[in-house]
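Asks: Numbering (the UniProt record's numbering), first residue to last: 1 to 366. In this text, a Cβ means the ideal position worked out from N, Cα and C, and glycines have one as well. Structure incoming, see below.
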């Protein structure tokens, strides 16, 4: 991996954009041994495509319901998104998912106690490593996904060129987010349409009856580290009024083994990440009864500080102070995310480096 040393974070020694490989072993399978699994992998990938097409068809028809009732459309959208997402997760090998929803705790007597449930307008700060994260979060919450759009500082020099600053935010639904997986973040240009502030995203989510999932890293990593976040300031957040609860949720994937490739997507594949989907379908999802299926684990705070609340209801609190509180809460939530996931935050490598890494990776293949 020395050829990727330029994109290795010097402070942590981690290379967050390198595709994770299984540990070295003397027991290597010959390539011909995988041949019987190819037709099954193709079949499951085609099934996923059919599920995606059906979902988009239902989603397009459901827009008609929003003309008559936004609440009814939101409820209907939640249920069909849950159904299609669960089918997709099963086809991807996640035959079993965590039985307890996030932010749920169990006592010693195994009695379920829910500390806080995510409600419309709440903000979930989450890491991002795979399209599986998108589908699973859609299965849980049917959220609005929010990505940072960066100021175009790539033409600068020195620290200014590497400093990622957020100009605004863009909102996406499940399918566009799956297609965006692995790609670098977008940059603002003079002809870019008007961006949304985070406050506008939260206001829209509350109106539509959906929570917001925010990926502060801006792009995917290999699930071995958290990328240094682009800087969010008061201008990109916008003047905040009201109250919002901020949840921290970390998603961790199984490491790669000889029988299972990693589900993380630090490098996108053409077309539409289907090559990665097909490769991950080879083993073990073809024979879940013989081989262990895939699994994911959820990490979140399990104490009184699990939820950060920002409230502007006090008459003595100014709008600027509330906005500053929201910005600091976002920074604190990302630090909390690092603690609960036990993933280090890179001090140098960020989403700004993703584009140059992909260019170098493509040049190595050509």
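I think residue 357 touches residue 221, with their Cβ atoms under 8 Å apart; what is that distance to the nearest whole Å?
Replies: Wrong, their Cβ atoms sit about 11 Å apart, outside the cutoff.
Asks: For the alpha helix (DSSP H) containing residue 127, name the first residue and the last one.
Replies: Looking at the DSSP string, residue 127 is not in any alpha helix (DSSP H), and its letter there is neither H nor E.
Asks: Are there 16 or more other CB atoms within 10 angstroms of the CB of residue 275, so buried, or fewer, so exposed?
Replies: Residue 275 comes out exposed.
Asks: By how many angstroms is the C-alpha of residue 242 removed from the C-alpha of residue 88?
Replies: Computed Cα separation, rounded: 36 Å.
Asks: Can you name the residues that DSSP bridges to residue 187?
Replies: 150.
Asks: Leaving out five residues on either side along the sequence, give the residues of the same chain with a beta carbon under 6 Å from the beta carbon of residue 252.
Replies: Answer for residue 252: 297, listed in chain order.
Asks: In this structure, how does DSSP classify residue 323 when only helix, strand and coil are distinguished?
Replies: Helix, per DSSP.
Asks: Relative to the C-alpha of residue 335, which residue among 353, 365, 300, 320 is closest?
Replies: The option with the nearest alpha carbon to residue 335 is 300.
Asks: State yes or no: is the C-beta of residue 240 within less than 8 Å of the C-beta of residue 322?
Replies: Yes.
Asks: Less than 8 Å between the C-beta atoms of residue 195 and residue 217, yes or no?
Replies: The answer is no: Cβ separation not under 8 Å.
Asks: Would residue 324 and residue 175 be called neighbours here (beta carbons separated by less than 8 Å)?
Replies: No, the Cβ-Cβ distance between residue 324 and residue 175 is not below 8 Å.
Asks: Which value, in whole angstroms, describes the spacing of the CA atoms of residue 362 and residue 340?
Replies: Distance between the alpha carbons of residue 362 and residue 340: 34 Å.
Asks: Nearest by alpha-carbon distance to residue 93: which of 350, 281, 348, 342 is it?
Replies: Ranking the options by Cα distance to residue 93, first place goes to 281.
Asks: By the DSSP assignment, the beta strand (DSSP E) with residue 84 in it spans what residues?
Replies: Here residue 84 belongs to no beta strand (DSSP E); instead the alpha helix (DSSP H) covers 70 to 91.
Asks: Just tell me which of 355, 365, 343, 353 has its CA closest to the CA of residue 12.
Replies: It is 343.
Asks: CB residue 139 to CB residue 86, shorter than 8 Å?
Replies: Cβ distance < 8 Å, so residue 139 and residue 86 count as in contact.
Asks: With a Cβ-Cβ cutoff of 8 Å, do residue 250 and residue 127 count as a contact?
Replies: A contact, by the Cβ cut-off of 8 Å.
Asks: Considering only heavy atoms of the ligand FMN, does any lie closer than 7 Å to the CB of residue 344?
Replies: With respect to small molecules bound, the structure shown includes none, and the ligand FMN cannot be examined in it.
Asks: Would you decide whether residue 157 is buried or exposed? Buried here means 16 or more other CB atoms lie within 10 Å of its CB.
Replies: Unreliable placement is indicated for residue 157, whose pLDDT of 49 sits below 50; no coordinate value is reported for it.
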